[in-house]
Amino acid sequence: MIHVHVTSWFLGLVFFVVTYMLYKKNAGKKAKIFHMITRVLYLVILATGGHMFANYLMDAGIVNKGPIIIKGILGITLIGLMEIILVQRKRGEVRIMNWVFFFITFLLVLFYGYVVIGG
Ligand code: HEM
1 MIHVHVTSWF
11 LGLVFFVVTY
21 MLYKKNAGKK
31 AKIFHMITRV
41 LYLVILATGG
51 HMFANYLMDA
61 GIVNKGPIII
71 KGILGITLIG
81 LMEIILVQRK
91 RGEVRIMNWV
101 FFFITFLLVL
111 FYGYVVIGG
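Number 84 in UniProt numbering belongs to position 84 of the sequence shown; there are no gaps in the numbering.
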């Protein structure tokens, strides 16, 4: 499950960047297809992450569930930011603060995923 999760978020980020560049180049049709694939990957990320999340929550052996809850919230926030950035780029809007939030959230997700929980 973890491998599917990591593969899907990695692919999700790649497709997110490609979609962003296609919207930037005004390649509307191609961008639409890539945006759709990115959205399918969101679902895979949510399904795999959500599955592990539910297992962790029900695991009586894990006393401190705080980090996993924060990891889940950060993951959902990151997906939300990716979608907001893409939709705004499509409309021709670029908000620098969304990129700032994106990078901060991404670093926090990696920190929680690999150091706090994984490590
Ligand atoms: C783009 C969004 C996301 C990214 C970049 C991301 C990234 C990561 C990373 C780097 C790990 C650690 C992998 C490892 O230890 O090998 C991880 C694990 C995990 N993620 Fe996500 N994630 C995202 C979304 C989500 C969502 C939406 C949820 C829950 C609703 C979630 C729940 C989890 C859980 C439960 C783990 C397991 C931790 C472990 O066993 O080590 N993730 N994720």
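Using N, Cα and C, we set each Cβ at its ideal position, and we do this for glycine too. Source: prediction; values computed, not measured.
Notebook entry, point to check: Within the structure, which residues are defined as neighbours of the ligand HEM by a Cβ-heavy atom distance below 6 Å, reported in chain order?
Noted result: I2, H5, V6, W9, G12, I45, L46, G49, G50, M52, F53, Y56, I68, K71, G72, G75, I76, L78, I79, V109, L110, G113, Y114, I117, G118
Note to self: Within 8 Å of any Cβ in chain B, is that where the Cβ of I33 sits?
What the structure shows: Of the chains in the structure shown, none is chain B; there is only one protein chain.
Check: So, is R91 buried or exposed, given that buried needs 16 or more other C-beta atoms within 10 angstroms?
Finding: exposed
Margin query: As a quick exercise: from V100, I104, E83, G118, pick the residue whose alpha carbon is nearest that of I37.
Written below: E83
Check: Considering only residues of the same chain and omitting the five flanking positions on each side of G77, which have a CB-CB separation below 7 Å?
Finding: According to the sequence shown, residue 77 is Thr rather than Gly. Answer for T77: T105, listed in chain order.
Checklist line | Three-state secondary structure (DSSP) of K65 | finding: coil
Checklist line | Residue interval of the alpha helix (DSSP H) (run including K29) | finding: 28-58
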